[in-house]
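Report on the following structure.
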Amino acid sequence: MKHLHQALLCLSLLATPALFQPALAQSVDPGCPALMAGSGLSWETQSQGQFLLCRAVDGQGQPVFNVMYTASEPDIQLLRSHRAEKARFGNNEILWHRVDVAGDTSPDIPFRRITKVRLQRGLHAQLWINASDEQQLQQLIAVIGQLQPANPQLA
292 MKHLHQALLC LSLLATPALF QPALAQSVDP GCPALMAGSG LSWETQSQGQ FLLCRAVDGQ
352 GQPVFNVMYT ASEPDIQLLR SHRAEKARFG NNEILWHRVD VAGDTSPDIP FRRITKVRLQ
412 RGLHAQLWIN ASDEQQLQQL IAVIGQLQPA NPQLA
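One point on numbering: in this note's numbering, the residue at position 43 of the sequence shown is 334, and numbering is uninterrupted.
And the structure:
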């Protein structure tokens, strides 16, 4: 009986966060945007009730950028002092921000970017780029600018 109570307590604790967050499944299914033909990229996806993660990977399986759709606004602070490039994500104007990871001295830190955008139908997208140099960063910004929502209701 004691083990049954412990199991029920664990299950209720695991389920509780879902009660307070709007489920992505209850809103419009965004799907991953179509990648440009010849880009050499493909999507790896991960989905739970609160989000859909679309991870663009190159031919070697290395992640180069991510698009995460959520029903609630991403809880990240984008600092004005970290603003970088102005760009587009489909029909939306976005402002990329430099990533500042305390203690990370990786040589590619200057080429990482992050942003968030409110989409149609109450959805939000968080995007981040993991470029290895300036040329790849500019290429990925251009690729992301060409992405169009997979679901026409989000256009």
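Beta carbons: idealized from backbone N, C-alpha and C, even for Gly. As the structure is a prediction and not an experimental result, all values here were calculated from the model.
Could you give the DSSP three-state label for residue i: helix, strand or coil?
i, result
"A401", "Contrary to the premise, residue 401 reads as Pro rather than Ala in this sequence. Looking at P401 - three-state DSSP - the assignment turns out to be helix."
"A433", "helix"
"Q341", "coil"
"Q427", "helix"
"S372", "helix"
"Q353", "coil"
Nearest CA to the CA of residue i: which residue from the options?
i, options, result
"Q409", "F402, P401, L418, R403", "Sequence check: residue 409 is Arg here, not Gln. Taking only the C-alpha atoms, the option nearest R409 is L418."
"N383", "R403, A325, I435", "I435"
Return yes when the C-beta of residue i is under 6 Å from any heavy atom of the ligand COA, and no when it is not.
i, result
"I420", "This structure simply doesn't include the ligand COA, nor any ligand for that matter."
To the nearest angstrom, how far is it from the Cα of residue i to the Cα of residue j?
i, j, result
"V348", "F380", "18 Å"
"L428", "G331", "15 Å"
"M327", "L438", "8 Å"
"R346", "G413", "22 Å"
"A375", "A422", "14 Å"
In the DSSP assignment, find the unbroken beta strand (DSSP E) run with residue i in it and report its ends.
i, result
"N382", "Unbroken run through N382: none, as it is neither H nor E."
"I420", "415-421"
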